[in-house]
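My numbering numbers the first residue of the sequence shown as 33 and each following residue consecutively. For reference, the structure discussed in these notes is given below.
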Amino acid sequence: MGKTYQRLLSLLQDRRAGFIFLIDPDKTSVETIPTTIHQIEKGGSDGILVGGSLLFSNRFDEFIRIVKQETNLPVIIFPGSSRQISAEADAILFLTFISSRNPNFLIGEQVLAAPIIHSLELETISTGYMHVESGNTTTVEFLSGSRPIPRDKSEIAVAHALAAEYLGMKFVYLEAGSGAKYSPPNDMIRNITEHVNVPLIVGGGIRNPQEAREKVEAGAKFIVIGNALEKDFRQSEVQLFSDMIHGS
Ligand code: 1GP
């Protein structure tokens, strides 16, 4: 079992859920990484995801190296494509876009990425990624040409999550998309976690600590926060998210 995967699972032994911060290389300058990362770590985050559906930055490797220099938290790539790979990270979420029907995101990008990951000896964490309708067209929806799961069709989400589990994936990621108008519905999270044993990661459009807590109470095991903290970067705010997610 991979070291980073093991570390993520062991987090769940002493808290009800993990709090993951998503840092987007296009929205954070290399110069501000140290301050951002220190506040995130002091505020109680459990890990850092790096990546984005669309990346303008050509300093991905350097960006991750600097993030790693500043923290002992696990730094994990959340790739938008096979071009987002770096040996500097602790691991990469090896995503399959299970709710898409676009073969490029179901197997094409993975085949392009696999030999590079192999040569870098980067840890992979197999993750079934599914996208729920969120009130606006998100970047991931537009770029992948994938129809999101309707918000009132929990059973469709459950069927996808079960398929991910039976395919042997280690996590399921229920995504509304970065900056989504509405975060993934609580009843959908509840329905998935009642049927599926693999830990559920939930992210996209979660705007405040109370909303994060509701996702955890519905059964989410990891909460991903990006935009909400990028816009309001006080350590006290990070701490509030942390308290609500961890359950203190
Ligand atoms: C996006 O789930 C993440 O892939 C986080 O979304 O930036 O809206 O918090 P936000």
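Here a beta-carbon is modelled for each residue, glycine too, at the ideal position from N, C-alpha and C. Model, not experiment: these values are computed from the prediction.
Counted as a single uninterrupted DSSP element, the stretch harbouring residue 110 is not any beta strand (DSSP E), since DSSP gives it neither H nor E.
Per DSSP, the beta bridge partners of residue 207 are 163 and 235. Annotated as proximal: residue 141 and residue 113, with beta-carbon spacing under 9 Å. Here residue 35 has 155 as same chain residues with Cβ atoms under 7 Å from its own Cβ, once five neighbours each way along the sequence are excluded. The C-beta separation of residue 233 from residue 214 comes to about 18 Å, leaving the pair out of contact by the 8 Å criterion. A distance below 7 Å between beta-carbons, with the five flanking residues on each side excluded, links residue 96 to the following residues of its chain, in chain order: 82, 107, 118, 120 and 121. Here residue 94 is not near residue 66, since their CB atoms are 9 Å or more apart.
With the rule of 3 Cβ pairs closer than 8 Å, the segment 129-140 counts as touching the segment 173-181. Per DSSP, the unbroken beta strand (DSSP E) holding residue 123 starts and ends at 123-129. At a threshold of 8 Å, residue 238 counts as near the ligand 1GP, since its beta carbon sits closer than that to one of the ligand's heavy atoms. In the structure shown, residue 228 adopts coil according to DSSP, grouped into three states. DSSP, read as helix, strand or coil, puts residue 53 in strand. DSSP places residue 255 in the uninterrupted beta strand (DSSP E) bounded by 254-257. Non-local beta-carbon contacts of residue 227 in its own chain, meaning distances under 8 Å to residues more than five positions away in sequence, involve 190, 193 and 194 in chain order. Taking each of 64, 47, 152 and 224 in turn and checking the Cα distance to residue 55, the smallest one comes out for 64. The beta carbon of residue 260 lies closer than 6 Å to those of 239 in the same chain, with the five residues before and after it left out. By the Cβ neighbour-count rule, residue 88 is exposed, with fewer than 16 other Cβ atoms within 10 Å of its own. Here the alpha carbon of residue 90 sits roughly 24 Å from the alpha carbon of residue 52. Ranking 92, 149 and 85 by CA distance to the CA of residue 129 puts 85 first.
Separation of residue 242 and residue 47 (C-alpha to C-alpha, rounded to the nearest whole angstrom) is 17 Å.
If you look at residue 194, you'll find it in the alpha helix (DSSP H) that goes 186-198. Cβ contact annotation for residue 68 (same chain, cutoff 8 Å, sequence separation greater than five): 55, 60 and 265, in chain order. When beta bridges are read from the DSSP output, residue 157 appears opposite 125. Nearest Cα to residue 197 within the set 115, 211 and 225: 225.
Listed in chain order, the non-local C-beta contacts of residue 100 below 7 Å within the same chain comprise 107 and 120, local neighbours out to five positions each way being set aside.
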